[in-house]
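Have a look at the structure below, then the notes.
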Amino acid sequence: MAKVTMADVAREAGVSKSTISQYLNGRYEYMSAATRARIAASIEALDYRPNILARGLKQKRTFTIGVIVANMLHHFSIEICRGIESYCREQGISVILCNTDEDQSREQNDLEMLRSKQVDGVIAFPSGPLTPVYRKLVDEQFPLVFIDRKLEDVPVNRVVVENEQAAYEATLHLIEAGYQRIAMLTAPLSISTRLERVEGYRKAMQEQLPQIEPIVISEDVRQLRQRLGELEQQNDLPEAIIAGNDLVLLEALAFLKERRLRIPQDMALIVFDNIPFAELLTPTLSTIVQPAHEMGREAAAMLLADIEAESRGQEWPPIQEKQFSCRLMIRESSGPAVQE
Numbered sequence: 393m394a395k396v397t398m399a400d401v402a403r404e405a406g407v408s409k410s411t412i413s414q415y416l417n418g419r420y421e422y423m424s425a426a427t428r429a430r431i432a433a434s435i436e437a438l439d440y441r442p443n444i445l446a447r448g449l450k451q452k453r454t455f456t457i458g459v460i461v462a463n464m465l466h467h468f469s470i471e472i473c474r475g476i477e478s479y480c481r482e483q484g485i486s487v488i489l490c491n492t493d494e495d496q497s498r499e500q501n502d503l504e505m506l507r508s509k510q511v512d513g514v515i516a517f518p519s520g521p522l523t524p525v526y527r528k529l530v531d532e533q534f535p536l537v538f539i540d541r542k543l544e545d546v547p548v549n550r551v552v553v554e555n556e557q558a559a560y561e562a563t564l565h566l567i568e569a570g571y572q573r574i575a576m577l578t579a580p581l582s583i584s585t586r587l588e589r590v591e592g593y594r595k596a597m598q599e600q601l602p603q604i605e606p607i608v609i610s611e612d613v614r615q616l617r618q619r620l621g622e623l624e625q626q627n628d629l630p631e632a633i634i635a636g637n638d639l640v641l642l643e644a645l646a647f648l649k650e651r652r653l654r655i656p657q658d659m660a661l662i663v664f665d666n667i668p669f670a671e672l673l674t675p676t677l678s679t680i681v682q683p684a685h686e687m688g689r690e691a692a693a694m695l696l697a698d699i700e701a702e703s704r705g706q707e708w709p710p711i712q713e714k715q716f717s718c719r720l721m722i723r724e725s726s727g728p729a730v731q732e
């Protein structure tokens with residue numbers, strides 16, 4: 393059976409070969425929805441398989457991007473990657489996913505590996521110590537987008553959430569519910585995301601409870617349970633906790649279970665990320681919802697816009713920072729404080 397060619401698809405769809413080429417390359421600016429649908433139907437009917445290698449050689453592209461993820465254990469990270477992958481799949485782009493486990497040497501090695509594979513661009517959850525590495529990529533005009541985190545000295549497109557505002561609103565909610573000794577429980581303050589959340593928490597505490605000293609517990613996640621135990625021995629446990637992510641939350645829950653402390657009667661809880669089991673717990677868990685899937689799609693769209701502009705010999709779109717709002721989902725774990 394003869395191999396189906398682009399000319400066969402063009403004939404079936406009633407359009408020119410150049411129109412088929414534009415469709416395959418995602419250039420729909422002057423193509424009606426009806427034409428796109430007709431081409432898609434023809435491709436499916438003829439079981440046409442584009443020659444990706446030839447296409448890449450012609451356009452000097454691999455139609456592949458890399459994604460550097462700091463920690464795939466987080467539900468938030470998984471949802472971002474799903475958003476990136478879904479957008480790229482729609483555009484005919486493949487994705488190579490790299491998990492660094494917050495290890496800077498692995499992050500640098502993965503970047504070098506992706507460059508050696510000639511990916512068209514990278515979306516990264518960056519770590520601060522690698523600022524010079526990322527600056528070098530920018531100097532080389534390599535398409536790059538940061539997501540969730542910022543490196544202020546690296547001028548690239550960024551997709552983030554309004555972390556400071558989200559933490560501020562969560563703290564305010566707890567104060568309004570009657571809590572005073574409120575703690576921010578977080579992994580080390582080595583990235584912009586965590587610093588911004590602490591800033592929002594401190595701002596709310598200073599505005600509403602200036603007489604209360606803010607409590608910021610910043611440790612390696614594996615040490616957080618021990619730190620809470622030390623506060624308990626000092627009879628200094630907080631009345632409420634804002635957990636910086638789902639892994640931090642698990643340590644807090646484990647501590648409360650060990651000590652047979654009740655939520656929210658003994659300690660109220662709010663966590664960043666709308667973790668899947670939030671409504672299945674007893675009591676149900678108050679969460680700060682981040683639009684992770686939408687963030688992933690936005691980051692992919694930004695990166696592919698730069699890649700497309702470069703392939704056409706055009707100027708890249710202006711650098712921008714897309715900020716997404718969070719949403720506080722109030723459930724039972726942050727109910728009113730018990731009045732003594």
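Convert by adding 392 to the 1-based position in the sequence shown; the result is the number in the numbering used here. A virtual CB, placed ideally from N, CA and C, is assigned to each residue, including glycine.
When the alpha-carbon of proline 535 is set against those of Cys718, Trp708 and Ser717, the nearest one is in Trp708. The criterion of a C-beta distance shorter than 9 Å is satisfied by arginine 573 and leucine 629.
Per DSSP, phenylalanine 716 lies in no alpha helix (DSSP H); the unbroken beta strand (DSSP E) holding it starts and ends at 713-716.
Non-local beta-carbon contacts of cysteine 490 in its own chain, meaning distances under 6 Å to residues more than five positions away in sequence, involve Ile460 and Asp502 in chain order.
Taken atom to atom, the span from the alpha-carbon of tyrosine 479 to that of glycine 688 is near 8 Å. Ranked by Cα distance from glycine 406, the options Glu421, Arg428 and Tyr422 are led by Arg428. Below 8 Å, enough C-beta pairs join the stretch 719-726 and the stretch 648-668 to call them touching: three or more. Under the 8 Å Cβ criterion, the stretch 616-635 counts as touching the stretch 565-579, having at least three qualifying pairs. Taking a C-beta distance under 9 Å as the contact criterion, phenylalanine 716 and proline 683 qualify as a contact pair. Restricting attention to beta strand (DSSP E) runs no shorter than 3 residues, the stretch 614-688 encloses them at 632-635, 660-664 and 678-681, ordered along the chain. When Ala402, Arg594 and Leu543 are compared, the shortest CA-CA separation from glutamine 603 is found for Arg594.
Here alanine 425 is actually not in contact with isoleucine 412; their C-beta atoms are around 16 Å apart, not less than 8 Å.
Taking C-beta separations shorter than 7 Å and ignoring five residues to either side along the sequence, the partners of glutamate 561 in its chain run Leu720, following chain order.
With fewer than 16 neighbouring CB atoms inside 10 Å of its own CB, serine 410 falls in the exposed class. A contact between stretches requires three or more CB pairs, one per stretch, nearer than 8 Å, and the stretch 513-524 meets this requirement with the stretch 532-547.
DSSP lists Val514 as the bridge partner or partners of leucine 536.
In terms of CA proximity to proline 668, Asn637 leads the group Ala691, Leu616, Asn637 and Lys649. Under the criterion of beta carbons closer than 8 Å, isoleucine 488 and glycine 458 qualify as touching, at roughly 5 Å.
The Cβ-Cβ distance between glutamate 544 and serine 584 falls below 9 Å. For leucine 489, the enclosing beta strand (DSSP E) has its first and last residue at 486-491.
The beta carbon of glutamine 510 sits closer than 7 Å to the beta carbons of Thr454 from its chain, once the five residues preceding and following it are set aside; these are given in chain order. The distance from the Cβ of alanine 462 to that of glutamate 494 is about 5 Å, consistent with a contact at the 8 Å cut-off. Following the DSSP letters along the chain, one finds asparagine 549 in no alpha helix (DSSP H) but inside the beta strand (DSSP E) bounded by residues 549-553.
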